[in-house]
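*Asks:*
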Amino acid sequence: MSFFRRPDYQSDTTQFINKLKEQRPELDAQQQAGRALLWDKNVDHSAWKEYDEARISQQPYVYQTRS
475 MSFFRRPDYQ SDTTQFINKL KEQRPELDAQ QQAGRALLWD KNVDHSAWKE
525 YDEARISQQP YVYQTRS
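For the sequence shown, this note's numbering assigns the number 541 to the last residue and increments by one with no breaks.
1) Compute the distance between the beta-carbons of N492 and Q484, then report whether it is under 9 Å.
2) Using the Cα positions of P418 and D486, report the straight-line distance between them to the nearest angstrom.
3) Anyone know if the C-beta pair for L494 and L501 falls short of 9 Å?
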């Protein structure tokens, strides 16, 4: 048995989250729906390629004007 193994330990945060999920079983579905609003999107790779190609490289001294 490993000295560092602590299978029965759960932090206060983990206990809180587990208890919250027991009280509100719909929470997982709500989290996934909220995540889908901002993060789960299809990426248009051709648009990103055009965006990268159209970028203008930044000057070394941003606030210096070209003379």
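Where is the CB? At the ideal position from N, CA and C, for every residue including glycine.
*Replies:* Quick answer:
1) At a Cβ-Cβ threshold of 9 Å, N492 and Q484 count as neighbours.
2) Residue 418 is absent from the model: the chain starts at 475 and stops at 541.
3) Inclusion of L494 and L501 in the CB contact set at 9 Å is warranted, their separation being smaller than that value.
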